[in-house]
Ligand SMILES: Nc1ncnc2c1ncn2[C@@H]1O[C@H](COP(=O)(O)OP(=O)(O)OP(=O)(O)O)[C@@H](O)[C@H]1O
Ligand SMILES: [Mg+2]
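In this note's numbering, the protein residues as written are 31 to 329.
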């Protein structure tokens, strides 16, 4: 494994580069990315749905000009889908094609060679010679036993394949693991990672995200959207609106030609922001009861 070449000069540089690709980070986010690069450690990103965990990995890959290799986790994901598996069908054909001329030892050696190996995302990331960012998305969905698979990879950047030996990374990839916190991850996994909690953005950052991501939106509308979403997040809801829902709502309003959100508009479009009937009812009641709050402080 080669030494770690720093990808970023400083924290401000990380933040600025991310902003260039329309990812609005705060110092907390940029700081961890900077440190992860310097320390050669993976980042475990937790936080509510739709707060930009997955997008962070994609955007970082973008700014360092690296290929994103993604392992999407799900219940039942195992080694053969995460790391590698042998191509049984091809091995079988190889055995059938063998007319009995070679010894079993020769055939066996051949069967477990590169030609019959099916590389899955984790191994692909370790073996890559070009710059890569590895994203292990929604790691909390796999069973604890599968989580253990990641340990060797995340601390040593290597993979042991019994038939082939140990495959070591030639570079330290940037690694992101994301979790929605549906279950606690193991201590062993946590210890190997830097921890980043991405919460809902503050008012100013959400306004910037909306401005960056919604073409054609005016400053005033972006500001109003961010403020109203913040109010809605303070309600006692089953599921609070995420940044993606803020963006959907803002795009909807632009499509509808809205310049200023009044109670009627907010009520009519609440279903874009919220996904449970009870939540929509609560928000609608809030909009109807406090129409003056929608206009904002200066109005
Ligand atoms: N800081 C940000 N800057 C720019 N866009 C953002 C930011 N945060 C979130 N977004 C946007 O919000 C949407 C949701 O982001 P993303 O899919 O990364 O969320 P997530 O945290 O991975 O959600 P989930 O837990 O549901 O997987 C994307 O369209 C993303 O571009
Ligand atoms: Mg995600």
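For each residue, glycine too, the CB sits at the ideal point set by N, CA and C.
Supposed close pair residue i, residue j - CB separation, criterion 8 Å
i, j, result
"residue 54", "residue 239", "5 Å"
"residue 37", "residue 94", "5 Å"
"residue 285", "residue 244", "Not really, about 10 Å apart at Cβ, beyond 8 Å."
"residue 114", "residue 148", "6 Å"
"residue 180", "residue 98", "At roughly 17 Å, the Cβ-Cβ gap does not stay under 8 Å, so residue 180 and residue 98 are not in contact."
"residue 107", "residue 176", "6 Å"
"residue 258", "residue 296", "7 Å"
"residue 262", "residue 216", "With 8 Å as the limit, residue 262 and residue 216 do not qualify as a contact, their Cβ atoms being about 35 Å apart."
"residue 117", "residue 146", "5 Å"
"residue 84", "residue 208", "6 Å"
"residue 189", "residue 233", "Not quite, the Cβ-Cβ distance comes to about 45 Å (not below 8 Å), so this is no contact."
"residue 91", "residue 169", "Not confirmed; about 18 Å, so no contact."
Counted within 10 angstroms of its Cβ, other Cβ atoms place residue i as buried (16 or more) or exposed
i, result
"residue 47", "buried"
"residue 8", "The shown model of the chain, from 31 to 329, leaves out residue 8, and the question about it has no answer."
"residue 221", "exposed"
"residue 329", "Low confidence applies to residue 329: its pLDDT is 46, below 50, so where it sits in the model is not reliable, and the reading given next is rough at best. By the neighbour-count rule (16 or more Cβ atoms within 10 Å), residue 329 is not buried but exposed."
"residue 279", "buried"
"residue 178", "exposed"
"residue 81", "buried"
"residue 31", "With a pLDDT of only 46 at residue 31, under the threshold of 50, the placement of this residue in the model should not be trusted; the figure read from the coordinates follows. Label assigned to residue 31: exposed."
"residue 319", "exposed"
"residue 316", "buried"
"residue 241", "buried"
"residue 150", "buried"
"residue 125", "exposed"
"residue 127", "exposed"
"residue 40", "exposed"
"residue 313", "buried"
"residue 50", "exposed"
"residue 96", "buried"
"residue 69", "exposed"
"residue 33", "Because the pLDDT of residue 33 is 48, which lies under 50, any placement of that residue in the model is unreliable, and the number read from its coordinates should be weighed accordingly. That one is exposed."
"residue 283", "buried"
"residue 300", "buried"
"residue 309", "buried"
"residue 132", "exposed"
"residue 160", "exposed"
"residue 60", "buried"
"residue 324", "buried"
"residue 66", "buried"
"residue 74", "buried"
"residue 101", "buried"
Nearest candidate by alpha-carbon position, reference residue i, set the options
i, options, result
"residue 210", "201, 228, 57 and 247", "228"
"residue 205", "214, 225, 42 and 132", "225"
"residue 112", "130, 118, 254 and 154", "154"
"residue 167", "255, 56, 92 and 87", "87"
"residue 219", "71, 289 and 197", "71"
"residue 275", "264, 250, 256 and 289", "256"
"residue 250", "289, 230 and 108", "289"
"residue 11", "75, 253 and 260", "Here the chain comprises residues numbered 31 to 329, so residue 11 is not present and cannot be evaluated."
"residue 214", "190, 83 and 77", "77"
"residue 185", "137, 172, 287 and 202", "202"
"residue 58", "207, 145 and 235", "235"
"residue 326", "282, 253 and 119", "253"
"residue 191", "62, 110 and 64", "110"
"residue 135", "193, 56 and 246", "193"
"residue 62", "161, 163 and 223", "223"
"residue 144", "171, 52 and 197", "197"
"residue 246", "287, 139, 265 and 171", "287"
"residue 52", "89, 79 and 42", "89"
Proximity test, residue i beta-carbon vs ligand 4 heavy atom, cut-off 8 Å
i, result
"residue 235", "With respect to small molecules bound, the structure shown includes ligand 1 and ligand 2 and not ligand 4."
Interface flag, residue i vs chain C, CB-CB below 9 Å
i, result
"residue 218", "Given the protein chain composition of this structure (a single chain), no chain C is represented."
By C-beta, the residues closer than 7 Å to any heavy atom of ligand 2, given in chain order: The set, ordered by position in the chain, is 83, 84, 167, 168 and 208.
Sufficient close CB pairs (3 or more, under 8 Å) joining the segment 264-276 to the segment 294-308: With the rule of 3 Cβ pairs closer than 8 Å, the segment 264-276 counts as touching the segment 294-308.
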